[in-house]
Structure formats: structure tokens, C-alpha cells
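Peer 1:
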Amino acid sequence: MSLARTINPDLQKERNQCTFNVTELTHLIDGGAQNTEERKKREEMVLKEGIHIEEVPAEYLSHKEKYESAVKKACLLFKMIRRLQEEENTGMENYRAVLGGMLGSAILQDGSPLTLHYVMFIPTLMGQATVEQQAYWIGRAFNLDIIGTYAQTELGHGTFIRGLETTATYDTATKEFVLHSPTLTSYKWWPGGLAHTANYCIVMAQLYTKGQCHGIHPFIVQLRDEETHMPLPGIKVGEIGAKLGMNGTNNGFLGFECVRIPRDHMLMKNSKVLEDGTYVNSPSSKLTYGTMMFVRVVIVQDMCNYMAKAVTIATRYSAVRHQSQLKPEYLVKAWQQARSGGELPPTVSYLSRSTTRRHPPWDSSLEGIIDAFHMVAAGKINLCVANIEKRQNLGMAYEDAWNMTSVQLTAASEAHCRAILVSSYYEETKQLVRDATPPLRVVLLRLVDLYAVYWALQCVGDLLRFTSISERDIEHLQGWYESLLATLRPDAVGLVDAFDISDEILHSALGSYDGRVYERLMEEAMKSPLNKEPVNNSFHKYLKPFMQGKL
Numbered sequence: 224m225s226l227a228r229t230i231n232p233d234l235q236k237e238r239n240q241c242t243f244n245v246t247e248l249t250h251l252i253d254g255g256a257q258n259t260e261e262r263k264k265r266e267e268m269v270l271k272e273g274i275h276i277e278e279v280p281a282e283y284l285s286h287k288e289k290y291e292s293a294v295k296k297a298c299l300l301f302k303m304i305r306r307l308q309e310e311e312n313t314g315m316e317n318y319r320a321v322l323g324g325m326l327g328s329a330i331l332q333d334g335s336p337l338t339l340h341y342v343m344f345i346p347t348l349m350g351q352a353t354v355e356q357q358a359y360w361i362g363r364a365f366n367l368d369i370i371g372t373y374a375q376t377e378l379g380h381g382t383f384i385r386g387l388e389t390t391a392t393y394d395t396a397t398k399e400f401v402l403h404s405p406t407l408t409s410y411k412w413w414p415g416g417l418a419h420t421a422n423y424c425i426v427m428a429q430l431y432t433k434g435q436c437h438g439i440h441p442f443i444v445q446l447r448d449e450e451t452h453m454p455l456p457g458i459k460v461g462e463i464g465a466k467l468g469m470n471g472t473n474n475g476f477l478g479f480e481c482v483r484i485p486r487d488h489m490l491m492k493n494s495k496v497l498e499d500g501t502y503v504n505s506p507s508s509k510l511t512y513g514t515m516m517f518v519r520v521v522i523v524q525d526m527c528n529y530m531a532k533a534v535t536i537a538t539r540y541s542a543v544r545h546q547s548q549l550k551p552e553y554l555v556k557a558w559q560q561a562r563s564g565g566e567l568p569p570t571v572s573y574l575s576r577s578t579t580r581r582h583p584p585w586d587s588s589l590e591g592i593i594d595a596f597h598m599v600a601a602g603k604i605n606l607c608v609a610n611i612e613k614r615q616n617l618g619m620a621y622e623d624a625w626n627m628t629s630v631q632l633t634a635a636s637e638a639h640c641r642a643i644l645v646s647s648y649y650e651e652t653k654q655l656v657r658d659a660t661p662p663l664r665v666v667l668l669r670l671v672d673l674y675a676v677y678w679a680l681q682c683v684g685d686l687l688r689f690t691s692i693s694e695r696d697i698e699h700l701q702g703w704y705e706s707l708l709a710t711l712r713p714d715a716v717g718l719v720d721a722f723d724i725s726d727e728i729l730h731s732a733l734g735s736y737d738g739r740v741y742e743r744l745m746e747e748a749m750k751s752p753l754n755k756e757p758v759n760n761s762f763h764k765y766l767k768p769f770m771q772g773k774l
């Protein structure tokens, strides 16, 4: 059945009432009309290649098939970019335009196993390698004679760079560096393309010369044989397993068992190790982290694209989604009853105490905080009713007045729900702990305090508006909050252990009862179908022919 390309009338209605020139904003976002024209031309040219078209949607593929499809698409995509460069005689512009824009995510929706080759491997060579090293390595990298990635993060270490454990020890006798992973937590973990795609890698390791550690430095290490793609001796490499997304990125782990590399495989543009092991310091230690700073900028740019997609989907869907007919009630009606002296149900009985604007003195006790939440909810409901009535007095229909006040009504509903939750939590806990032992009673009541104080600090603007809280009171709440956190800290694990969720039900390597996080992560990674063979068949079908210009 063919679907005619007709515009939903509700969506078209929204477009018809737009007050600005959409094309003008497009040009502004793109940086000018010429850039928009070039982008649209590039998109049309790339999408015409049909690389993004899938015979079987990715959702129906196995984890292994998703990777193999991503390798195929990535090779075809870069082959196309090469052709465009030859035709247009451009440099890296096409790579950045395709990989860093909407096009890349359209073609490789679940990530590309070659991205880090261009985003981190080559930029690191440009920024960290000597002129001589660049002359050799960058040419090979640009021609895709080799495929590289960048390995810094380790299984047990994230942003704590100084705590990385991988070592590179200089052997003056052989003029080589010996790379070694002394512990499981020292295994490199997460680099894209590392698992089965790359055959070279920039490795960040602790440099040791003459028995002294000189901190983190970059080394270029061959991981796999350039012909067979088999891992080289001492190289322990594989995939980290399925993730929530980006499963085509081929994130991997990497360990070293006394792997030797030549001295000139240390990137020495900034720091150097002479043949006799003498260390020549860099003018700035910050230069070593240039690649990571660059890639963080790239990540922010990518997130802008994903957010643009998300907000486009949400806004268009909101314009065509029909909800139930408006039936103004569940809080406005209760306020009107309270104002006229009517009887109220228990959940809104607090409104009868709050129909005046007078604020009692601030009470820093738990009960005082709960009363304050009731005052906030009542104050917001009062404002909603006042605005609805004001709009009605100006001639607006009740339903329209209600709809125009919907943002405030939502805020009032949230405030009401928060007041109910805090007060109910307190009352129920008081009943619950009556028969508990004193130590447990204390902990459970502290949790109520923590919950109430946390939300009081989160909603401090509302409290300033609708209660008599002062700056000194807020400081007191902050001190109370921090004290509660410190006091409850020793009980944190015991509290979650009390849920008594078995590991089989929890199904989490990170949250298992025994805390063997890194061992379990590695065990789970080894279950990946891609780790059943050291060389994936996509290397022989796509990567190798592509690298040799035969694809």
C-alpha cells in the first residue's frame, strides 16, 4: 500500500501561523545561505548513493550483524568521500561535513567503527608526532593503509588520568619500550573501533625510564598483523559487548603482556626519550591531553545534532497528537471550595489553612518543611485560579482560560504531588518504625529528613515566594542536608542490600552483590559473539579490500 505524501492538517496549521521566515533561520543556523545550499547539495549527493538504505532494519539484526553492517557502510561511505575529494580537490572538509553532521548519523545510525580513526587517531598524530613521525604515519593513515584508534580510558579509571595503570618502560639495552597491563583494571576499555576494526592504536601509558615515572605519554602500537588481521603476540584485544546504543562503534578492550615497540613509536613532538633513556620534558604537560580536549568539542557538536533531532520529533508529534477533551477539575475546584468554606477531601485539606496570603514564621523542623510544601502548593493553585478568573473577566471562555493557564497548572500539580509525597512518606514511616529496633528506626527517619530537605533545597525559589524562609534558613537547610548525607553514608549499601534482589534478577555486572565489577565486565564482554573469533569476516570482505583500494 502506497502512502500519499500529504501533510497532517494540524501540523500544516502550525506552520501557517509561524511568524518568521523559516528559511532565514536555517541560513542563520548554517552560517549563511551559501552554506545551506552547499549542505543541501552534499546531502542530496550522499543520500543518492543509497548507503543508508537497509534491506533489513538494524533493529532486527543480531549484535554481530550490526557490527558487520556498520563496517560495510563505513567502508562504502569513506570510499565515496575519497572520490569526492579527488573530484573536488578538497582536504578534510568532506570528512568533517559527513562524519560530524546529520549525514553521518543518518548513514551509520548506530555508530561507525572508523570514526576514531579520523576523530582521534589522525589528530593525535598531527598534534603529538614529530615531523619525521608525521611524514610516515599520517600518510599511511590518510590512505587507510592502516586503521587506528585511541586508547586512554581503562577499565578501572575514567577521568582520573594520572591514575592510569598501563606502563611503558624503556629498555636501554634494546632501545625499546615494553608496554604492560599489570592488572585487570589497567586494561584499556571503551575505545571505538578497537575491538575488531583497528590494527594500530595510540596508547596512553605511564612512561618509565631509568626507574623513574614521568607520567602519561602517547605511544603508537601495532595491534594486529597488517595482512591477516590476527592480534599480535602479547596483545589481548576484544569487544566490550552490547550497549544501549552505538553498537556499530565496535568499542573494545585492550591489554598488554610485555609488548615491545621501537623507541620512535613514542610520539615525541613534545616530550622525548633519548637513546640512552634520558627524558626530555615537554614545555607543558597539558599538551598531552590535546586530543581529548578536541574530541570533547566534537562530542558537544554531535550532541547538538542529536538534540536537534529529538526536539524536532517531540515538537512535531506534539502538534498532531490529540489528547482527551479538557475537563477542568482534580485542584481548581478544591481551591474554590476552600475559599467558600466548603468541606475538602483529606488530600487537599491543607488548602483550607492557606486561603490567605499571610505567611507564618519559618519552622526548620521536618514538620515545618512539610507545612511549607503545602503552602507552596496552595500558593501556586491560588495563582492559577486568579489567572483563570482574570482571563474569564476579559471575555475568554473558561476552557480557553484554563488552557492558557496550563503551564502554571502543571507546576501547581507538581507542587501538590510533592507535598502529598513528603507528608505521606513521613506519616507512613512513623507508623512503620514503631516496632523497629532503635538503630533501624533512626536510619529510616533520617531518610525521611533527607528526602524532605533535598526537595526543600531543590524548590528554594518556591519557598522564597510562598513562605517566610530567609537566607539564614536556607543555609541551615544546606548544612542539615550535608550532615544527613555524611551520617547516612555508612548505611547506604546496607539500605540497598535490604531490597534483597538476587544477582539473577538484578542482571547487572556493575551492581552485583559481590562487587566484582571489573571481573564481571570482562566476563560479560567475552560473551560477545564477535569475540568468538580473533578476525571478523568483515575484515576480509570489506576492510582489507578497502584498505588495498580493491573494494
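Count the sequence shown with the numbering used here and you get residues 224 to 774, in order.
Quick reminder that beta carbons are idealized off the backbone N, C-alpha and C, glycines included.
(1) For the beta strand (DSSP E) containing Ala601, name the first residue and the last one.
(2) Cα-Cα, which of Asp685, Arg519, Glu399, Tyr621 is closest to Glu498?
(3) Pick out whichever of Met469, Asn493, Lys459 has its Cα sitting closest to the Cα of Val482.
(4) Can you find at least 3 beta carbon pairs, one from the stretch 275-293 and one from the stretch 400-410, that sit closer than 8 Å?
(5) Where do the ends of the alpha helix (DSSP H) carrying Gly478 lie?
(6) Quick check: the Cα distance between Thr472 and Thr338, rounded to an integer number of angstroms?
(7) DSSP state of Gly464, grouped into three classes?
(8) Can the beta-carbon of Thr420 be found closer than 8 Å to that of Leu766?
(9) Starting from Gly371, follow the beta strand (DSSP E) in both directions and report where the run begins and ends.
(10) Please check the pair Val342 and Val521, which I expect to be a contact at CB under 8 Å, by giving their CB distance rounded to whole angstroms.
(11) Decide if the stretch 733-752 is in contact with the stretch 426-442; the criterion is three or more beta carbon pairs, one per stretch, under 8 Å apart.
(12) With a threshold of 8 Å, are at least 3 pairs of Cβ atoms found where one atom belongs to the stretch 704-713 and the other to the stretch 642-662?
(13) For Leu234, collect the residues of the same chain with a Cβ closer than 8 Å to its Cβ; drop the 5 residues on either side in sequence, then sort them by chain order.
(14) With three or more C-beta pairs closer than 8 Å as the rule, is the stretch 589-609 touching the stretch 630-644?
(15) Any chance you could list the alpha helix (DSSP H) runs of at least 4 consecutive residues sitting entirely within the stretch 336-403, in chain order?
(16) To the nearest angstrom, how far is the alpha carbon of Glu237 from that of Ile230?
(17) Using alpha carbons as the reference points, say which of Ile443, Gly416, Ala396, Leu417 lies closest to Thr432.
(18) Return the first residue and the last residue of the alpha helix (DSSP H) that His699 is part of.
(19) Going by DSSP, what residue range makes up the alpha helix (DSSP H) through Arg688?
(20) What is the rounded straight-line gap between the Cα of Val401 and the Cα of Thr347?
(21) So Ile604 packs on Ala635, CB below 8 Å; how close in whole Å?
(22) How is the alpha helix (DSSP H) around Cys640 delimited, first residue to last?
(23) Please work out which residues of its chain come closer than 7 Å, Cβ to Cβ, to Gln332, disregarding the five sequence neighbours upstream and downstream, and give them in chain order.
(24) Got a sec? Which residues, its chain only, sit under 6 Å from Leu430 by beta carbon, not counting five neighbours each side?
(25) Per the contact definition of three or more C-beta pairs closer than 8 Å, is the stretch 287-296 in contact with the stretch 753-763?
(26) Quick one: Cα of Pro336 to Cα of Pro757, how far?
(27) Are the beta-carbon atoms of Leu490 and Phe442 separated by less than 8 Å?
(28) Could you tell me the distance, in whole angstroms, from the CA atom of Cys298 to the CA atom of Pro454?
(29) Can you give me the C-alpha to C-alpha distance between Leu326 and Asn470, rounded to a whole angstrom?
(30) What's the gap between the Cα of Ile692 and the Cα of Pro583?
(31) Is Trp678 helix, strand or coil when you go by DSSP?
Peer 2: So, from the listed chains and residues:
(1) Segment 589-616 is the alpha helix (DSSP H) holding Ala601; no beta strand (DSSP E) there.
(2) Answer by Cα proximity: Glu399.
(3) Taking only the C-alpha atoms, the option nearest Val482 is Lys459.
(4) The count of Cβ pairs closer than 8 Å, one atom from the stretch 275-293 and one from the stretch 400-410, stays below three, leaving the stretches out of contact.
(5) No alpha helix (DSSP H) holds Gly478; the beta strand (DSSP E) holding it covers 475-479.
(6) Taking the straight line from one Cα to the other gives about 8 Å.
(7) DSSP, reduced to helix, strand and coil, places Gly464 outside both helices and strands of the structure shown, so it counts as coil.
(8) The criterion of a C-beta distance shorter than 8 Å is satisfied by Thr420 and Leu766.
(9) Bounds of the beta strand (DSSP E) holding Gly371 are 371-374.
(10) With 8 Å as the limit, Val342 and Val521 qualify as a contact, their Cβ atoms being about 6 Å apart.
(11) No, they do not touch.
(12) Verdict: no, contact absent.
(13) Annotation for Leu234: Arg539, Ala542, Val543 place their beta carbon closer than 8 Å to its own, counting only its chain and skipping 5 residues before and after.
(14) Contact holds between the stretch 630-644 and the stretch 589-609, because three or more Cβ pairs, one in each stretch, are under 8 Å apart.
(15) Secondary structure remark: continuous alpha helix (DSSP H) runs of at least 4 residues inside the stretch 336-403, in chain order: 345-351, 354-365.
(16) C-alpha separation (whole angstroms): 11 Å.
(17) In this structure, Ala396 is the residue among Ile443, Gly416, Ala396, Leu417 with its C-alpha nearest to the C-alpha of Thr432.
(18) Counting along the chain, the unbroken alpha helix (DSSP H) around His699 starts and ends at 694-711.
(19) Run containing Arg688: 683-689, per the alpha helix (DSSP H) assignment.
(20) C-alpha of Val401 to C-alpha of Thr347: approximately 21 Å in a straight line.
(21) About 5 Å; that satisfies the 8 Å criterion.
(22) Counting along the chain, the unbroken alpha helix (DSSP H) around Cys640 starts and ends at 629-655.
(23) Beyond the five residues adjoining it in sequence on each side, Gln332 comes within less than 7 Å, by CB distance, of Ala281 in the same chain, given in chain order.
(24) Once the five neighbours on either side are set aside, the close Cβ partners of Leu430 are Ala391, His437, His440.
(25) Contact between the stretch 753-763 and the stretch 287-296 is present: three or more C-beta pairs spanning the two stretches fall below 8 Å.
(26) In this structure, the CA atom of Pro336 is about 16 Å from the CA atom of Pro757.
(27) A distance below 8 Å separates the beta carbons of Leu490 and Phe442.
(28) Linking Cys298 to Pro454 through their CA atoms gives a straight-line distance of about 21 Å.
(29) When rounded, the distance between both Cα atoms is 18 Å.
(30) Spanning the two alpha carbons is a distance of roughly 10 Å.
(31) Looking at Trp678 - three-state DSSP - the assignment turns out to be helix.
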